[in-house]
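Right, one structure below, let's go through it.
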Amino acid sequence: MITAACSFAMIAISASILLNIFRLIVGPDVTDRILALDTMVINAIGLIILAGITFGTTMYFEAALLFAMVGFVSTVAFCKFLLRGNVIE
Amino acid sequence: MTTFIEWVSAAFIIVGAVFLFVGSFGLAKLPDTMRRLHGPTKATTLGIGALLIASMLYFVLLRQAAGFHELLITLFLFLTAPVTANMIAKAHIFRNKKLQEDLPLAARGTGWATLTGSVDSQDNRT
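Line by line, the protein sequences are chains A and B.
Numbering of the first sequence is given in numbering that gives the first Met the number 0, commencing with residue 0 and proceeding in unit increments.
Numbering of the second sequence is given in numbering that gives the first Met the number 0, commencing with residue 0 and proceeding in unit increments.
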């Protein structure tokens, strides 16, 4: 039961990562591309959690936590650079 | 009981995946940046929350493993998603001249801090 649900969820999340890549390439402005990258990080966290459930190990959660932190910091750094022309003033 | 818990976590996994897909579909389909901001910041956060609830149920009730990492990830993502959306909206307003003309006046009549810099940063500007 859980295995079938995990397969369905992995297919859905892979499709959404493809949609994010489409927006990353097409996106008319830089802010769209930043938004697409941020969404892609969240989808990658979802994939990592699904891999943890599928293989039955809790070791993947540290990777998911690190992904969450690095994704947030990189998005804020991109936006700060666009706003002020500098990351740390 | 075990089968029931399995069904519940499978339902949470499917709900989370559907919400993640809906958020990314909105990001790809909606017409401009301010509207595109809605999909990832609301639907995707809800989806990842449902996935983490499913993982917590599975590991705590079926595998008897400690499940506090999921709570940490949930807390972190729910705290940072609004901050990210605010920063992206500010950057978008800053880069779009036509949007700046439609903005209402700020309360103290000093202009928007995003566009002109705050009062003390104007004093210290070299």
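The beta carbon of each residue, even a glycine, is placed where N, CA and C say it ideally should be.
Sequence-distant partners of residue 53(B) (beyond 5 residues in either direction) whose C-beta falls short of 6 Å from its own C-beta, in its chain, are 8, 11 and 12. For residue 88(A), the secondary structure class from DSSP, reduced to helix, strand or coil, is coil. Note that the C-beta distance between residue 1(B) and residue 56(B) is not below 8 Å.
Look at residue 53(A): its C-beta is not under 8 Å from any C-beta on chain B.
Burial is judged here by how many other beta carbons sit within 10 angstroms of a residue's own beta carbon; residue 67(B) has fewer than 16 and is exposed. Within its own chain, the residues whose Cβ lies closer than 8 Å to the Cβ of residue 52(A), once the five positions on either side in sequence are excluded, are 1 and 5, listed in chain order. Close partners of residue 39(B) in chain A (Cβ separation under 9 Å): 19, 34, 35, 37, 38 and 41. Among the CB atoms of chain B, none fall inside 8 Å of the CB of residue 86(A). At least one beta carbon of chain A lies nearer than 8 Å to the beta carbon of residue 6(B).
The beta carbon of residue 64(B) sits closer than 8 Å to those of 58, all from its chain and outside the five residues before and after it, given in chain order. By the Cβ neighbour-count rule, residue 28(B) is exposed, with fewer than 16 other Cβ atoms within 10 Å of its own.
Taken through DSSP and simplified to helix, strand or coil, residue 75(B) comes out as helix. With fewer than 16 neighbouring CB atoms inside 10 Å of its own CB, residue 10(A) falls in the exposed class. Interface criterion met: the Cβ of residue 86(B) is under 8 Å from a Cβ in chain A. The continuous alpha helix (DSSP H) containing residue 59(A) extends over residues 59–83. Taking the CA atoms as reference points, residue 3(B) sits about 21 Å from residue 48(A). Of the other Cβ atoms in all chains shown, 16 or more fall within 10 Å of the Cβ of residue 42(B); this residue is therefore buried.
The Cβ-Cβ distance between residue 65(A) and residue 93(B) does not fall below 8 Å. Residue range 32–35 is occupied by the alpha helix (DSSP H) that includes residue 35(B). For the C-beta of residue 107(B), not a single chain A residue is nearer than 8 Å; the gap to the nearest is close to 21 Å. DSSP, read as helix, strand or coil, puts residue 29(B) in coil. By the 16-neighbour rule on beta-carbons within 10 angstroms, residue 25(B) is buried.
Annotation for residue 15(B): 46, 49 and 50 place their beta carbon closer than 6 Å to its own, counting only its chain and skipping 5 residues before and after.
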